[in-house]
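Protein chains: 4
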Amino acid sequence: MLKTDQQPRIHTMKAVRLHQFDKDLKRSNLVEIDDVPEPTVRKQDDVIVRIGGAGLCRTDLHIIKGNWNSKVGRPLPYILGHENAGWVHDVGDGVKHVKPGDPVIVHPLITDGTCPECRRGEDMYCPNGRFPGITHDGGFAEFFPTKQRAVIKLPPELEPKDVAPYADGGLTAYRAARKAAETMKPGMSVVILGFGGLGHIAAQVLRNLCAAQIIIVDTSEQALDLARECGFTNCLPGGNAAAETVRQLCTSGVDAVMDFAGEKETPEQCMSMLRKGGTYYVVGYGGIVSVPSIDLIFDELNVVGTLVGNYTELCELMILAAREEVKLTTTTYRLDQVNEAIHDLIAGQLTGRAVLVP
Amino acid sequence: MLKTDQQPRIHTMKAVRLHQFDKDLKRSNLVEIDDVPEPTVRKQDDVIVRIGGAGLCRTDLHIIKGNWNSKVGRPLPYILGHENAGWVHDVGDGVKHVKPGDPVIVHPLITDGTCPECRRGEDMYCPNGRFPGITHDGGFAEFFPTKQRAVIKLPPELEPKDVAPYADGGLTAYRAARKAAETMKPGMSVVILGFGGLGHIAAQVLRNLCAAQIIIVDTSEQALDLARECGFTNCLPGGNAAAETVRQLCTSGVDAVMDFAGEKETPEQCMSMLRKGGTYYVVGYGGIVSVPSIDLIFDELNVVGTLVGNYTELCELMILAAREEVKLTTTTYRLDQVNEAIHDLIAGQLTGRAVLVP
Amino acid sequence: MLKTDQQPRIHTMKAVRLHQFDKDLKRSNLVEIDDVPEPTVRKQDDVIVRIGGAGLCRTDLHIIKGNWNSKVGRPLPYILGHENAGWVHDVGDGVKHVKPGDPVIVHPLITDGTCPECRRGEDMYCPNGRFPGITHDGGFAEFFPTKQRAVIKLPPELEPKDVAPYADGGLTAYRAARKAAETMKPGMSVVILGFGGLGHIAAQVLRNLCAAQIIIVDTSEQALDLARECGFTNCLPGGNAAAETVRQLCTSGVDAVMDFAGEKETPEQCMSMLRKGGTYYVVGYGGIVSVPSIDLIFDELNVVGTLVGNYTELCELMILAAREEVKLTTTTYRLDQVNEAIHDLIAGQLTGRAVLVP
Amino acid sequence: MLKTDQQPRIHTMKAVRLHQFDKDLKRSNLVEIDDVPEPTVRKQDDVIVRIGGAGLCRTDLHIIKGNWNSKVGRPLPYILGHENAGWVHDVGDGVKHVKPGDPVIVHPLITDGTCPECRRGEDMYCPNGRFPGITHDGGFAEFFPTKQRAVIKLPPELEPKDVAPYADGGLTAYRAARKAAETMKPGMSVVILGFGGLGHIAAQVLRNLCAAQIIIVDTSEQALDLARECGFTNCLPGGNAAAETVRQLCTSGVDAVMDFAGEKETPEQCMSMLRKGGTYYVVGYGGIVSVPSIDLIFDELNVVGTLVGNYTELCELMILAAREEVKLTTTTYRLDQVNEAIHDLIAGQLTGRAVLVP
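As you go down the protein sequences, you meet chains A, B, C and D in turn. Per numbering that gives the first Met the number 0, residue 0 is the first one in the first sequence, and the count goes up by one each step. Per numbering that gives the first Met the number 0, residue 0 is the first one in the second sequence, and the count goes up by one each step. Per numbering that gives the first Met the number 0, residue 0 is the first one in the third sequence, and the count goes up by one each step. Per numbering that gives the first Met the number 0, residue 0 is the first one in the fourth sequence, and the count goes up by one each step.
Laid out in structure tokens, this is it:
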């Protein structure tokens, strides 16, 4: 909290800002490194985080292309970065559960804490939520302003730069897998379709939260190799034949399919893998789920959407990460290498998730 | 159970049989009254029911038109009738929980009782289930052969002919409403779209099982009048404007929509009534549920199919019926008036559900 | 929020304070009416409530007798009153969901909002909770200082003075009944033992949240008459014969017993009413629950304690109250009649719950 | 099923029968090996099992001592053995899901399959249940008569003699652990008090079904060594200090304690380990659970009894066993070594569970 300075000097910091959209992602400098004013504490519940790592992901590409502009209407330029972790730098005098120096991960949504949804723990439904890096300045910077309700103190085993991508992508995978796990009894089975960034985390979460048989389906042989390395023994090539193989393997189909691809044909493939009473979890998006109502009824199927995750769920994920029960592979870049990182992401030349370190 | 008769005489009974399909439902005698052998006890778990009433419903029209033929492949002629109630007439010597003379309602599926699904109470998922009136001889007759696992002894307050339509249609409405009720907390709201035979029961069930605000939507002003008579005060005309009205009434939409129409445009209307985390229950069918996956995710929506109901649920429904907490309007016909009843159903000239009484 | 006053004048108000304990509740003036400084907004999340009504209950008698002193160690004098409702008088500038003039009911615990328990909605488990009227100054006064997290805006149908006793006693009954209702299916049955202030609310809540058969047991014929007036038809005299009667009425016992008496012999009576898998809900206290472990196992019984209720549950209860699905009888007293009210309570001469109105 | 034999010859078999009680378990031959008639198929749902292994456990000692006599009143002599596995030898003609030669484990209760409890899957609540080895002839014999509802076909990975003790003791541990697991979220913690036959299985089950932190407490250093070998890293010596240690380790206590000892002082120790909202699972018995109701309320605690387990749960346990996710140590004895086995059990000289192999 700003204390006794009579004439507060304005400090500046480095930040990655988007100045113009580029539909084709062709320019070499898609974003710029700017000097901007350092954020300061203004309200009792403010928290300023010194960034230790900020995850870069496909959502950032969508933003740069302008795909979110019509929905969000955020004026340019602004600071990107919605997967943030670091150390508490300064706090308002109402902040009690963290103090300067504490390592933290930042929940992606800033919520009001007083709406009925927040009060029952479903932060993501907060009608007054703000999403830094999308609707407000984000964390591709040296410092990042957030609120006490968004920060989670990290266990001592975890480094901010190693966990930043859990803040949004990892949390999304966690919530989806946790929902599925709650319905799984021993003897039930679940397909993870797409063993990429999110599917990879969901599979590890499921393995820890329940005793279901886990089947990995991916069109990439490389992804399946990675799955086997992670200890998943049921790994099947994706494509049109996958549903048939799954149904043979599990006699009458599986109890759940988690779709991390969400492309054109995957919804139909996924639905056809389900046994009676089964559930299709939609995580990846882009396609259309289209199913005759008679089919939903005849096999009593469910379709379940899933939206990031709440604060409690991010706390739980950090506990699993601290125990190394869920692991994440990252590649780090300096903040000034951001355009290089973006182009590596575009080119598919990244191992794991990219993390910017100021 | 066949006892000491050395030469059992074959008794005959009257039964309504389908001899040929009629795609246009034009013939006056769509089904015929035949003399057929009376069913007898052959196995330890057999139960012969003297029919007190058998419900006639739209599924019977579909069968007569031949719509189910490709799925079921049942050779003609056979006895229709899948909503059956009556009195126990004879039992095999392994039957313990009912005895001759007991009034019973008959669960629509004959199940094996030994598969994992039956063992956890989900009879409808039994892979060896038989569906009398669809895949085997049904209950439009004086006597009806079933199994001990399918019969439920009626409480003394209930007459077989008054409850027969609960056996399938009523049970379907009950299971769907019970699923929805389990998620409802005070302050939540649910739309019943279609206040016909099933919607009418579901609304009463919901009112008894939870404290949600119930909103009735129907395109028929007559149906809405009936809803008001039943004590439902939030009644809205259906159509394209309904979703907008519902969203205004409940600020950000409702927590659940139960679709008993299931026609072309209703899935989209229903989905657009939901608030974040809401669920669309599909009961009526015919249309296609088609939704961009981004929408499922953005509002974290669920789509839930529902399939008849299990034995325990039919027992529960009978308890509510005995207490008059759920009521059903029926019109009775003699068995030999069956063609008249069918044509009344086709013409929409029926009050409530038709029940054939031998 | 204190705004531009250069020299804020200190206002005073009337408040009911406890100056000394009285083990025997003999003195005529057990508490005193004092002039004390009016509370003012100091923090961003402060809310000052102008009291419309404050419930008086047996807990206040325990406090006056000094029974809580060893646990709480609160120095005297201080203001009593833990069931508070009124109108928002002033707010800190961080308060968003209520504004001056709004009618509100006040959740009895002031919680931090940042602990894991608060974040998943279980406010009562907050390790930093404060309990005004017990551990801090309460609401037997003209104004009452609380926090934004504790206030719930009332629906327009509800008057503060009519709902104040819901804030603690009513909420306790609600949470217990809601827990029980979640396990009740049609055909199940529940005993309410003790149809007094809390039992009376629990019974109404159960009737609204589920379709269980409700059986009222009370040793007072007057209480049973009241139960019958409220529409409960299964009403049995309490005492040692009650368990036997209940077991006959429900064949093999009931699925749940809610104990609002909690005296010496009631735990054993309650446990003996349960069927296999049944649950004993402990709400009233004072006695000891003592049961051989073999009995818990042989019938697979559960014992469930219940502790006031969370913010969301109080919101839900207000919704039921606004719809008149739960009703409460109160007797109002002026603030300066507090000693009269206390002695009426001691003498058992109160109809319903006592509410002090400044 | 007895088929064409005109004059069925009566076969005899070896069986272990109890002829007289021995309160002090002093006689060397506590039970005798008799020649008795071999059981045969008489009803459509009969199944005769050729015993591959039958578990011996402390319940058998209680029976021999006569402790169960007053409850059960079973006339002597009769065949002991309530944990049975083997191969199907013969079946009635109504038996569909197993055939002669199939390896099976036998659920300990023979149930009617038609009562409401059986129909919703809670076999243990069946009012007509029979318990072979306790109320009827059991499985310490070459052949054992049971019913189709009691037999579960084993996966090919499992040998009858290796799994027999799962039939009752293992199943009890499984159900209790499964109940607890359903309430566990990452970050929660559970104490297993008593790492003996049942506690050992429960700990493995919990590890597979949830991500809770598992803490083993036992008074025997040998048991704690075994726990460490099984991969459990939080192992604490039992006794009066255990509760304090647990509370320090988990700050404010654990979310669940599973008591497999159930002796005099363990209920109180267990209750004192719990944090707010925590649950005490009673599995071991003998002691008395005695707790002031104020304590149950103040920390909102639960006490949960647990009773063997249902058919579905035994199926699930077999799946975990087949995957070697739950392992069991056994010592086998020939049927004619039964008195030696019993005395080894009395003397505490058994490694793991004793299994009799005909």
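Backbone N, C-alpha and C fix where the C-beta goes; we use that ideal spot for every residue, glycine too.
Roughly how many angstroms lie between the CA atoms of HIS10/C and ARG57/C, to the nearest whole one? 32 angstroms
For GLY304/C versus ASN301/D, is the C-beta spacing smaller than 8 angstroms? A contact, by the Cβ cut-off of 8 angstroms.
Worksheet item: In the DSSP assignment, what residue or residues form a beta bridge with ARG129/D?
Response: ILE109/D
Margin query: So, with DSSP's three-state summary, where would you put GLN212/C?
Written below: strand
Just checking my contact of VAL40/D with GLY91/D at CB under 8 angstroms: how many whole Å lie between their CB atoms?
5 angstroms
Option in ALA211/B, PHE130/B and GLU243/B with minimal Cα separation from PRO144/B: PHE130/B
Can you list, in chain order, the residues of its chain with a C-beta nearer than 7 angstroms to that of ASP111/D? Leave out the 5 residues immediately preceding and following it. CYS117, CYS125 and ASN127
**Asked** When you compare only the Cα positions, how much space is there between HIS61/C and ALA240/D?
**Response** 34 angstroms
Point to revise | Nearest neighbour of HIS106/D, chosen from HIS88/D, ALA163/D and ASP44/D [CA to CA] | key: Of the candidates HIS88/D, ALA163/D and ASP44/D, the one whose C-alpha sits nearest the C-alpha of HIS106/D is ALA163/D.
Name the residue from GLY276/D, PHE194/D, LEU334/D and GLY132/D whose alpha carbon lies nearest to the alpha carbon of GLY283/D.
PHE194/D
(message) Quick check on ASN68/A: does DSSP put it in helix, strand or coil?
(response) Residue state, collapsed to three classes: helix.
Query raised in the report: Among LYS95/D, PRO99/D, LEU79/D and GLU82/D, which residue has its Cα nearest to the Cα of HIS88/D?
Result: Measuring from the Cα of HIS88/D, the nearest candidate turns out to be PRO99/D.
Inset, instruction - Would you check if the distance between the CB atom of VAL337/B and the CB atom of GLY52/B is smaller than 8 angstroms? - result: VAL337/B places its beta carbon 8 angstroms or farther from that of GLY52/B.
Counting Cβ pairs, one atom from each stretch, are 3 or more of them under 8 angstroms apart for the stretch 179-188 of chain B and the stretch 254-261 of chain B? yes
- prompt: Bridge partners of ILE104/B, per DSSP?
  reply: ALA84/B and ILE151/B
*asked:* List, from N- to C-terminal side, the alpha helix (DSSP H) runs of 4 residues or more that fit wholly inside the stretch 141-194 of chain A.
replied: Counting only runs of 4 or more residues that sit fully inside the stretch 141-194 of chain A, the alpha helix (DSSP H) segments are 159-162 and 168-180, in chain order.
TRP86/B and VAL48/B: beta carbons closer than 8 angstroms?
Yes, the pair counts as a contact, with Cβ atoms nearer than the cut-off.
Practice problem: Decide if ASP358/C is buried, meaning its Cβ has at least 16 other Cβ atoms within 10 Å, or exposed. | Solution: Because chain C is modelled from 0 through 357, residue 358/C falls outside the range shown and cannot be assessed.
- prompt: Listed from N- to C-terminal order along the chain, which residues in the stretch 298-329 of chain B have their beta-carbon within a distance smaller than 8 angstroms of any beta-carbon of chain A?
  reply: ASP298, GLU299, LEU300, ASN301, VAL302, VAL303, GLY304, THR305 and LEU306
So, for GLN203/C: in the same chain, excluding its five sequence neighbours on each side, which residues have a beta-carbon less than 6 angstroms away from its beta-carbon?
VAL325
I want to verify the contact list: residues of chain A whose CB lies under 8 angstroms from the CB of ARG119/C, in sequence order. GLY120 and THR311
Can you check whether the C-beta of GLY277/A is within less than 8 angstroms of a C-beta belonging to chain D?
Chain D contact via Cβ: absent.
*With a threshold of 16 other CB atoms inside 10 Å of the CB of CYS269/C, please say whether the residue is buried or exposed.*
buried
Under the three-state reduction of DSSP, which class applies to GLY137/C: helix, strand or coil? Coil at GLY137/C, not helix or strand.
Would you list the residues sitting across from ARG49/D in a DSSP beta bridge?
-> TRP86/D and PHE142/D
Selected residue, minimal CA-CA separation from PRO76/C, among GLN348/C, ASP136/C, LYS25/C and ARG119/C = ASP136/C
**Prompt:** In three-state terms, what does DSSP make of SER292/C?
**Reply:** In the structure shown, SER292/C falls within a helical segment according to DSSP collapsed to helix, strand and coil.
| task | Between the Cα of GLY72/A and those of ILE214/A, MET12/A and PHE20/A, spot the shortest distance and give me the residue it belongs to. | result | Checked all of ILE214/A, MET12/A and PHE20/A; the closest Cα to GLY72/A is PHE20/A.
request  = Out of LEU273/A, GLU299/A and LYS275/A, state which residue places its alpha-carbon closest to the alpha-carbon of VAL281/B.
outcome  = By alpha-carbon distance to VAL281/B, the top candidate from LEU273/A, GLU299/A and LYS275/A is GLU299/A.
For a cutoff of 8 angstroms on Cβ pairs, would you count ALA240/C as touching chain B? no
**OP:** Determine the contact status of ALA140/C and ILE213/C, defining contact as a CB-CB distance below 8 angstroms.
**Re:** no
message: Any heavy atom of the ligand NAP closer than 7 angstroms to the beta-carbon of ILE32/D?
response: As for the ligand NAP, it is missing from this structure, which has no ligand bound.
Should GLY128/C be flagged as near chain A, meaning a C-beta pair shorter than 8 angstroms? no
**Report entry** C-beta neighbour in chain A for LEU153/B, strict 8 angstroms
**Finding:** no
- C-alpha gap between LEU55/D and LEU344/D, whole angstroms: 9 angstroms
Q) Do you know offhand how far VAL189/C's Cα is from GLY186/B's? A) 24 angstroms
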